[in-house]
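Student: Would you mind keeping the following structure in view while I ask a few things?
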Amino acid sequence: MKRVLTGIQSTGIPHLGNILGAIQPAIALANQPGNVSFLFIADLHSLTTVKDPELRRLNTLAVAAAWIACGLDTQKNFFYRQSRIPAVTELTWYLNCFTPYPMLANAHSFKDKSDRLSDVNAGLFTYPVLMAADIILYQADLVPVGKDQVQHLEIARDIANTFNNRYGHTFTLPEAMVDNRVMVVPGTDGKKMSKSYQNTIDIFLPEKQLDKVIKSIITDSTPIELPKNPDSCTVFSLYSLLAPPDDVSQMRNNYLSGGFGYGHAKKALLELILAKFTKEREQYKLLMNDLPQLEKLLSEGEQKTAEVAMKTLSDVRLKLGYA
Ligand code: ADP
Ligand code: TRP
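If you're matching positions, the sequence shown starts at 123 in the working numbering and goes up one per residue.
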């Protein structure tokens with residue numbers, strides 16, 4: 123049984139790029155027999171940049187609802203808010219005291235953030251230690267992450283190793299599972315879809331608003347009657363990511379043969395999204411309209427998770443002379 127663990131920042135409502143690029147693959151991995159997944163909302167990490175409490179609450183619930191709506195099995199797996207398992211902050215303190223200062227000072231993500239952000243707080247500096255605690259508290263074997271997080275995984279292994287060498291085997295050494303995903307979902311302006319570019323497609327929007335977003339996808343000005351190049355069209359790229367191959371070929375022919383406008387293509391894309399995500403949209407709406415139910419699912423996950431956390435933490439406390 124492999125323990126697969128990953129954290130999700132709650133910085134907004136997950137968009138189509140997040141769903142196709144991260145949520146669906148993580149759920150597929152969680153559903154593989156022999157795996158058990160720990161998926162959590164990294165709401166403590168979010169305090170390094172987001173200070174607004176209402177925004178944090180809303181984003182956290184929206185992210186949770188999106189994952190459950192996309193089919194995450196909360197019974198089989200461990201789905202929780204990072205902040206609700208206080209063992210992680212206690213472990214972070216212990217790990218801080220085994221983390222050499224230069225290792226953090228040289229971390230790329232810290233250097234990058236401290237160049238970009240005006241609020242360079244100590245939380246940003248110790249971000250990788252909290253991340254190490256996130257991982258080794260649950261004895262994770264595999265951590266699927268993007269390339270930008272690989273150094274954080276090396277730091278986690280380093281810290282775990284230092285501790286194990288001194289106190290005997292305590293933590294599993296986690297391995298990064300680097301995702302060389304080629305899939306890059308384009309946004310409404312044709313660039314990579316990202317919250318930071320305000321070009322996202324939120325598939326959970328009510329139909330009318332979703333229609334407006336789809337209509338805002340930028341296309342060129344080729345008139346309806348002329349043939350169009352599918353390979354340089356964002357609407358076609360999005361359609362191809364979602365439709366079965368036969369429908370994609372048909373759409374390609376429509377583009378090439380002329381008499382087919384971008385308005386038609388956008389209508390087809392909207393219909394496809396509505397059809398493909400019917401269940402997810404309904405489920406998301408249900409959960410966001412029934413926050414006590416969402417809260418219940420999360421707290422059940424957190425209760426289960428806390429037990430796993432306490433096992434490791436008790437061992438650490440004993441080894442350090444706190445018990
Ligand atoms: P954003 O760029 O909107 O802030 P995040 O950085 O929070 O998104 O990404 C969360 C996860 O979603 C990451 O695993 C990332 O690789 C994936 N992801 C984000 N945008 C896309 C995209 N346009 N195409 C494919 N995957 C994406
Ligand atoms: N730092 C990760 C990111 O920005 C989120 C995260 C927090 C995480 N703790 C983690 C990822 C533990 C994997 C494992 O995406």
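Beta carbons are placed, not taken as given, at the ideal position from N, Cα and C, and that holds for glycine.
1) Pick helix, strand or coil for Gly-380, following the three-state DSSP scheme.
2) In this structure, does DSSP put Asn-157 in helix, strand or coil?
3) Cys-219: buried (16+ other C-beta within 10 angstroms of its C-beta) or exposed?
4) So the alpha helix (DSSP H) Met-253 belongs to, where does it begin and stop?
5) How long is the line joining the alpha carbons of Tyr-377 and Ala-148, rounded to whole angstroms?
6) For Val-300, which beta-bridge partners are listed by DSSP?
7) Is it buried or exposed for Glu-329, if we count other Cβ within 10 angstroms and need 16 for buried?
8) Quick one: is the Cβ of Gln-131 within less than 7 Å of any heavy atom of ligand 1?
9) Shortest alpha-carbon distance to His-386 belongs to which of Val-300, Gly-290, Lys-350?
10) Can you list, in chain order, the stretches of the alpha helix (DSSP H) that have 4 or more residues and sit fully within the region 172–212?
11) Just to confirm before moving on: does the CB-CB distance between Leu-259 and Leu-435 stay below 8 Å?
12) Could you give the DSSP three-state label for Leu-127: helix, strand or coil?
13) Pick helix, strand or coil for Met-398, following the three-state DSSP scheme.
14) Please report the Cβ distance between Phe-104 and Phe-232, rounded to the nearest whole angstrom; I am assuming they are in contact, meaning their Cβ atoms lie under 8 Å.
15) Note down, in chain order, each residue of its chain lying with its Cβ closer than 7 Å to the Cβ of Gly-383, except the 5 sequence neighbours on either side.
16) Who are the near neighbours of Ile-207 in its chain, counting only those whose CB is closer than 6 Å to its CB and skipping five residues on each side?
17) For Leu-239, does the count of other Cβ atoms within 10 angstroms reach 16, so buried, or fall short, so exposed?
18) Contact check, Phe-162 vs Gln-204 under 8 Å by CB: the rounded distance?
19) Going straight from the alpha carbon of Ser-343 to that of Ala-186, what length do you get?
20) Assuming Tyr-406 contacts Ala-188 (C-beta within less than 8 Å), just tell me the rounded distance between them.
21) Just to confirm before moving on: does the CB-CB distance between Tyr-249 and Lys-441 stay below 8 Å?
22) Count the other CB atoms within 10 Å of the CB of Met-123; is the residue buried (16 or more) or exposed (fewer)?
23) If you reduce the DSSP assignment to three classes, tell me which class Pro-367 lands in.
24) What residue range is occupied by the uninterrupted alpha helix (DSSP H) comprising Asn-283?
25) For Gly-245, collect the residues of the same chain with a Cβ closer than 7 Å to its Cβ; drop the 5 residues on either side in sequence, then sort them by chain order.
26) Please confirm if the region 132–140 is in contact with the region 307–325, defined as three or more CB-CB distances below 8 Å between the two stretches.
27) Does the separation of the CB atoms of Val-265 and Thr-128 fall below 8 Å?
Tutor: Based on what the coordinates show:
1) Position 258 of the sequence shown, counted from the first residue, corresponds to residue 380. DSSP places Gly-380 in coil when its eight states are reduced to three.
2) Mapped onto the sequence shown, residue 157 falls at position 35. Residue state, collapsed to three classes: strand.
3) The count along the sequence shown starts at 1 and reaches residue 219 at position 97. Classification for Cys-219: exposed.
4) Residue mapping note: residue 253 aligns to position 131 of the sequence shown, counting from 1. Looking at the DSSP string, the run of the alpha helix (DSSP H) that includes Met-253 is 244–258.
5) The residue you call residue 377 lines up with position 255 of the sequence shown. The residue you call residue 148 lines up with position 26 of the sequence shown. Tyr-377 and Ala-148: Cα-Cα distance of roughly 34 Å.
6) Within the sequence shown, the letter at position 178 stands for residue 300. Val-300 pairs with Val-267.
7) By one-based count along the sequence shown, residue 329 stands at place 207. The residue in question, Glu-329, is exposed, as its Cβ has fewer than 16 Cβ neighbours within 10 Å.
8) As a working mapping, residue 131 is identified with position 9 in the sequence shown. Gln-131: yes, Cβ under 7 Å from ligand 1.
9) The sequence position of residue 386 within the sequence shown is 264, counting from 1. The shortest Cα separation from His-386 among Val-300, Gly-290, Lys-350 belongs to Lys-350.
10) 175–191
11) For the purposes of this step, residue 259 is taken as the residue at position 137 of the sequence shown. For the purposes of this step, residue 435 is taken as the residue at position 313 of the sequence shown. The answer is yes: Cβ separation under 8 Å.
12) Counted from its first residue, the sequence shown places residue 127 at position 5. Here Leu-127 sits in strand by DSSP.
13) If you number the sequence shown from 1, residue 398 lands on position 276. The question names Met, but residue 398 is Lys in the sequence shown. Looking at Lys-398 - three-state DSSP - the assignment turns out to be helix.
14) The shown model of the chain, from 123 to 445, leaves out residue 104, and the question about it has no answer.
15) What you label residue 383 is simply residue 261 of the sequence shown in a count that begins at 1. Once the five neighbours on either side are set aside, the close Cβ partners of Gly-383 are Ile-346.
16) Reading the sequence shown from its first residue, position 85 is the one you call residue 207. A distance below 6 Å between beta-carbons, with the five flanking residues on each side excluded, links Ile-207 to the following residues of its chain, in chain order: Thr-427, Ala-428, Ala-431.
17) For this step, residue 239 is matched to residue 117 along the sequence shown. Answer is exposed; the Cβ neighbour count stays below 16.
18) Residue 162 sits at position 40 when you count from the first residue of the sequence shown. Residue 204 sits at position 82 when you count from the first residue of the sequence shown. Contact between Phe-162 and Gln-204 is confirmed by a C-beta separation of about 5 Å, below the 8 Å threshold.
19) One-based indexing of the sequence shown puts residue 343 at position 221. One-based indexing of the sequence shown puts residue 186 at position 64. Roughly 40 Å separates the two Cα atoms.
20) Looking up residue 406 in the sequence shown gives position 284. Looking up residue 188 in the sequence shown gives position 66. Contact holds; Cβ gap of about 6 Å.
21) Position 127 of the sequence shown, counted from the first residue, corresponds to residue 249. Position 319 of the sequence shown, counted from the first residue, corresponds to residue 441. Contact: no.
22) Indexing the sequence shown from 1 puts residue 123 at position 1. Exposed, by the Cβ-count rule.
23) For this step, residue 367 is matched to residue 245 along the sequence shown. In the structure shown, Pro-367 sits in a helix (DSSP, three-state: H, G or I).
24) As a first step, residue 283 is located in the sequence shown; it is residue number 161 there, counting from the start. Start and end: 272–289.
25) By 1-based counting over the sequence shown, the position of residue 245 is 123. Leu-169, Thr-170, listed in sequence order.
26) yes
27) Taking the first residue of the sequence shown as position 1, residue 265 is located at position 143. Taking the first residue of the sequence shown as position 1, residue 128 is located at position 6. Cβ atoms of Val-265 and Thr-128: closer than 8 Å.
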